[in-house]
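These protein sequences, in sequence, are chains A and B. Taking this note's numbering, the leading residue of the first sequence gets 1, the next gets one more, and so forth. Taking this note's numbering, the leading residue of the second sequence gets 422, the next gets one more, and so forth. Glycine is no exception: its CB is placed at the ideal position from the N, C-alpha and C atoms. It should be emphasised that the depicted structure is a prediction, and the values quoted were computed from it without experimental measurement.
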Amino acid sequence: MASRERAPKQELLAADGTPLKAALRRSQTVERRRAFMLVAPLLFFLLIVFVVPIIAMMWRSVYNPEIRNYLPQTAAALQDWEGQDVPPEPVFQAMAADMIVGVENRTIGRAAARINREIPGARSTVMRTARQVDEWSAPYREKFIEADEDWTNIEFWRILKRESRVVTPTYYLLAVDYEYSSEGEIVPRSEVYQVYKQLFWRTAWMSVFITALCVMLAYPISYMLATQPTRIANLLLILVLLPFWTSLLVRTSAWIVLLQQQGVINELLVALNIIDETGRLRMIYNRTGTIVAMTHILLPFMVLPLYSVMKTIPPSYLRAAKSLGAHPFRAWWRVYFPLTIPGLAAGCILVFILAIGYYITPALVGGDSGIFISNLIAQNMQGSSAQLKLAAALATILLVAVLFIYWLFNRLVGVDKLKFG
Amino acid sequence: MKKILVLTGSAIAIAAGAAIAQDKELTIVSWGGAYSQSQIKAYHEPYTEKTGVQILNEDKSANALAGIRSQVEAGNVTWDVVDMLQADAQRACDEGLVLEIDHDEWLAPAPDGTPASEDFIEGTLGPCFIPQILYATMFAYNTEAFEGEGPQTIEDVWDLEKFPGTRALQQIPQKNLEWALIADGVDADQVYEVLATQEGQDRAFAKLDEIKDNVIWWTEGAQPPQMLADQEAVIATAYNGRIFNAQVNEDQPFEIMWDHQMFETDGWVVPVDTGNVDTIKDYLYFATDSQRLADQAKYISYGPARNSSASLVGNHAETGVDMKPHMPTSPENLETAIPFDVQFWADYGDALEERFNAWVAG
Chain A
1 MASRERAPKQ ELLAADGTPL KAALRRSQTV ERRRAFMLVA PLLFFLLIVF
51 VVPIIAMMWR SVYNPEIRNY LPQTAAALQD WEGQDVPPEP VFQAMAADMI
101 VGVENRTIGR AAARINREIP GARSTVMRTA RQVDEWSAPY REKFIEADED
151 WTNIEFWRIL KRESRVVTPT YYLLAVDYEY SSEGEIVPRS EVYQVYKQLF
201 WRTAWMSVFI TALCVMLAYP ISYMLATQPT RIANLLLILV LLPFWTSLLV
251 RTSAWIVLLQ QQGVINELLV ALNIIDETGR LRMIYNRTGT IVAMTHILLP
301 FMVLPLYSVM KTIPPSYLRA AKSLGAHPFR AWWRVYFPLT IPGLAAGCIL
351 VFILAIGYYI TPALVGGDSG IFISNLIAQN MQGSSAQLKL AAALATILLV
401 AVLFIYWLFN RLVGVDKLKF G
Chain B
422 MKKILVLTGS AIAIAAGAAI AQDKELTIVS WGGAYSQSQI KAYHEPYTEK
472 TGVQILNEDK SANALAGIRS QVEAGNVTWD VVDMLQADAQ RACDEGLVLE
522 IDHDEWLAPA PDGTPASEDF IEGTLGPCFI PQILYATMFA YNTEAFEGEG
572 PQTIEDVWDL EKFPGTRALQ QIPQKNLEWA LIADGVDADQ VYEVLATQEG
622 QDRAFAKLDE IKDNVIWWTE GAQPPQMLAD QEAVIATAYN GRIFNAQVNE
672 DQPFEIMWDH QMFETDGWVV PVDTGNVDTI KDYLYFATDS QRLADQAKYI
722 SYGPARNSSA SLVGNHAETG VDMKPHMPTS PENLETAIPF DVQFWADYGD
772 ALEERFNAWV AG
């Protein structure tokens with residue numbers, strides 16, 4: 001008790017009389033602030049070019065403003081409609097008013113394009129009617145129906161009502177091959193439209209396969225690099241690094257030259273009479289092409305971490321194991337292999353995550369059976385029927401999948417144990 | 422932080438100043454390759470010489486509609502004039518993405534005084550669209566790939582026994598589905614009627630299934646001549662101008678099969694909010710007059726979209742070949758031609774494109 005009472009009197013003071021602790025804290029705060037100022041540009045940069053675009057993309061994947069913005073009165077009038085019969089006059093009246101505004105502002109086509117995604121041909125119906133609606137007067141219902149039978153299509157009105165919400169899961173459903181039925185239930189899409197689930201699956205297994213091939217090829221190479229004398233090892237390392245530094249476009253094109261039907265390998269096989277002119281092998285523009293080219297391109301990402309880890313394992317460990325009577329394989333499996341796991345895991349996660357989002361190589365050599373989900377994302381961003389929102393939904397799913405794999409990996413192996421070189 | 426903001430602010434001010442200083446500049450979006458070259462020679466170079474306006478080319482027309490959509494949506498329109506297909510132009514127009522055009526005010530009359538709105542080939546003008554050329558997509562083949570005669574009809578293209586080898590098709594549903602129905606025996610004038618039905622679509626895809634294993638896909642117009650030259654494919658669909666270019670300028674042994682060629686119109690649109698309208702109007706007045714359209718046909722075998730240009734079409738600029746028989750609009754090439762149905766594809770494009778992409782990837 002006594003010592004505690006004396007404590008304040010013994011508190012150390014700085015030169016200016018303030019308590020030393022406070023003075024230290026103050027000076028550290030200044031230091032920390034200064035340090036933060038140093039990284040602030042980077043944080044700012046990351047925010048602008050990384051965080052904001054990703055959030056914008058995610059928002060875009062659920063944002064559905066077309067009906068609400070360009071047919072606002074119709075959307076409001078439909079809220080009271082039960083969805084059983086052709087809507088009553090007020091809905092048609094609202095539609096006519098929206099159309100007149102939409103033609104004036106030239107925005108009616110955007111609403112029409114949105115509906116056309118759900119019902120092919122609805123575009124024309126909307127546009128044709130919109131062009132004549134300013135000559136009509138109330139009541140509108142009969143005039144609409146007289147002008148075009150399609151206005152009695154209940155499915156059309158149901159979709160309009162459903163899609164008048166600003167936030168919609170529609171694009172996520174499409175991204176996993178589901179859709180809304182006209183009754184509003186979630187059902188699998190017709191088989192002829194199904195593709196995304198299959199592509200996600202294909203991307204996953206091919207990435208695993210490529211990672212496995214990389215392990216099989218890179219492990220012996222790295223072992224050799226790590227065990228050779230430095231002079232030879234450096235030379236060999238250059239052979240790994242040179243392709244690594246070469247543009248991946250160049251490397252992909254090189255594979256095209258080698259593998260195509262009029263390419264080097266086929267010519268050679270024909271010249272050696274191993275195959276005849278009609279039996280030329282198709283090794284590119286299909287799954288084989290993607291696997292071969294990607295394995296080659298991603299190989300250095302496996303070799304480098306493995307090499308850097310193997311380099312730190314003293315060769316005496318293996319010798320010790322063998323001299324104690326272990327079979328060479330057992331010595332390798334029980335002593336050497338466990339020590340290489342941090343590099344192996346780092347290589348695997350690196351190659352797998354790079355592979356799962358790969359675009360250029362599958363696009364160039366994948367043909368149609370060897371393309372990845374990223375190629376379909378790109379496809380949805382191009383062409384006259386581009387569906388940017390579906391592309392955003394697909395990309396978000398891919399992003400979440402990668403984050404999940406990373407999390408799982410962290411739980412199983414531990415990211416802090418990784419050695420990237 | 423404040424300093425950074427000030428710096429960024431002044432950087433933006435400088436950039437804006439630079440933009441104002443360069444308003445005598447047009448960004449023109451087109452298809453690239455031999456086609457862009459013909460525009461540069463026939464339109465851009467003479468125009469720059471006449472007015473001093475610099476022209477920047479971007480080869481983005483393959484994604485023109487998506488590009489204009491995202492630029493307008495983001496409120497940052499950097500394209501001044503865009504070369505696009507008529508079907509896409511119609512959609513862009515309906516969606517309010519491109520300017521409406523008063524053709525008689527914007528465009529030069531024909532040499533004989535006929536106003537522009539009456540001079541263009543019927544059905545090609547659109548409310549936002551200034552046609553330049555009619556071009557054909559059709560099959561072509563490498564004569565060295567076949568002993569004896571090559572394929573002559575669409576049925577021959579589907580005949581893998583008589584004409585073995587890989588086919589190169591464009592990776593879009595447009596035209597491929599029409600040809601599949603023709604090969605399946607549908608009459609040319611009923612193709613779109615059939616294709617509007619579920620059974621018709623199933624039938625077209627089933628017909629495409631027959632050759633799918635022997636098909637490789639192209640996306641850029643420059644690819645099919647290359648694929649034919651390398652014999653990576655023996656028969657390919659292509660734009661007629663590209664094949665002409667390979668035949669005449671590169672001496673390739675290619676033959677065009679005009680049977681059931683599909684022709685459509687390509688031309689200019691002007692995105693909204695470019696803020697450069699006076700220069701754009703001046704350029705378009707110059708670049709779409711009768712003589713300029715006819716000049717383009719000196720460099721590439723696409724038919725000019727003005728009636729008054731037809732008589733002005735002469736010989737190829739470099740080789741002196743008479744261009745008239747190579748035009749998709751020349752009568753003997755038009756015998757079995759199918760006009761590409763812009764309206765049909767505006768309506769059914771979304772659904773068919775989706776199904777087609779799923780079919781290709783599956």
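Contact with chain B is found for Ala386(A), since one of that chain's Cβ atoms lies less than 8 Å from the residue's Cβ. Excluding sequence positions up to five before and after Pro548(B), its CB lies within less than 8 Å of the CB of Cys514, Glu521, Ile522, all in the same chain and listed in chain order. Counting along the chain, the unbroken beta strand (DSSP E) around Gly688(B) starts and ends at 675–690. Shortest Cα-Cα distance from Ala226(A) to any of Leu306(A), Met58(A), Arg106(A), Leu13(A) involves Leu306(A).
For Ala782(B), the uninterrupted alpha helix (DSSP H) segment begins and ends at 763–782.
Within chain A, the residues placing a beta-carbon under 8 Å from that of Ala779(B) are Val192, Tyr193, Gln194, Val195, ordered along the chain. Ile397(A) carries a helical assignment under DSSP once its states are collapsed to helix, strand and coil. Contact between the stretch 390–398 of chain A and the stretch 220–237 of chain A is absent: fewer than three C-beta pairs spanning the two stretches fall below 8 Å. Our two residues, Ala175(A) and Arg490(B), have alpha carbons roughly 22 Å apart in a direct line.
Interface annotation for the stretch 95–113 of chain A against chain B: Asn105, Arg106, Thr107, Ile108, Gly109, Arg110, Ala112, Ala113, criterion Cβ-Cβ distance under 8 Å. Nearest CB-CB separation between Tyr285(A) and chain B: below the 8 Å threshold. Comparing alpha-carbon positions, the option among Val192(A), Thr170(A), Val195(A) lying closest to Ile186(A) turns out to be Thr170(A).
For the stretch 144–155 of chain A, the set of residues with a beta-carbon nearer than 9 Å to any beta-carbon of chain B is empty. Closest in alpha carbon position to Met559(B), among Gln475(B), Val450(B), Gly770(B), Leu755(B), is Leu755(B). Annotation: the continuous beta strand (DSSP E) that includes Tyr180(A) extends over 178–180. Under the 10 Å beta carbon count, Ala392(A) is surrounded by 16 or more other beta carbons and is classified as buried.
Cα atoms of Glu470(B) and Met37(A): separation of roughly 52 Å, rounded to the nearest angstrom.
Fully enclosed alpha helix (DSSP H) runs of no fewer than 4 residues occupy 264–271, 287–310, 315–323, 328–331 of the stretch 256–343 of chain A, in order along the chain. Judged by DSSP secondary structure, Leu46(A) falls within the alpha helix (DSSP H) whose first and last residues are 20–46. Remark: C-beta atoms of Leu590(B) and Thr658(B) approach each other more closely than 8 Å. Taking 4 residues as the shortest admissible run, the stretch 572–653 of chain B contains the following complete alpha helix (DSSP H) segments, listed from N- to C-terminal end: 575–579, 597–604, 612–616, 619–633, 644–650. Counting only Cβ-Cβ distances below 8 Å, Met127(A) has contacts in chain B at Asp515, in chain order.
Inter-segment contact for the stretch 628–642 of chain B and the stretch 584–602 of chain B is present: three or more beta-carbon pairs are separated by less than 8 Å. Those residues of the stretch 240–267 of chain A placed with their C-beta closer than 8 Å to a C-beta in chain B are Gln260, Gln261, Gln262, ordered along the chain. Nothing from the stretch 601–625 of chain B brings a Cβ to less than 7 Å from some Cβ of chain A. Taking a Cβ-Cβ cut-off of 7 Å, Gly347(A) has no neighbours in chain B, whose nearest Cβ is about 30 Å from it.
Listed in chain order, the non-local C-beta contacts of Thr564(B) below 8 Å within the same chain comprise Gly571, Pro674, Phe675, Glu676, local neighbours out to five positions each way being set aside.
Per DSSP, the unbroken alpha helix (DSSP H) holding Gln132(A) starts and ends at 122–132. The C-beta separation of Asp680(B) from Thr750(B) comes to about 16 Å, leaving the pair out of contact by the 8 Å criterion.
With fewer than 16 neighbouring CB atoms inside 10 Å of its own CB, Ala320(A) falls in the exposed class. Proximity of Arg34(A) to chain B, defined by a Cβ-Cβ separation below 8 Å, is not satisfied. Proximity of Gly343(A) to chain B, defined by a Cβ-Cβ separation below 8 Å, is not satisfied. Identification of chain B residues near Ser124(A) by a Cβ-Cβ cut-off of 9 Å yields Gln764, Ala767, Asp768, ordered along the chain. By the rule that beta-carbons nearer than 8 Å mark a contact, Met381(A) touches chain B. Around Ile377(A), no beta-carbon contact reaches into chain B at under 8 Å, the shortest distance being about 12 Å.
Its Cα nearest to that of Leu486(B), the residue Arg110(A) stands out among Glu11(A), Arg110(A), Ala363(A), Met310(A).
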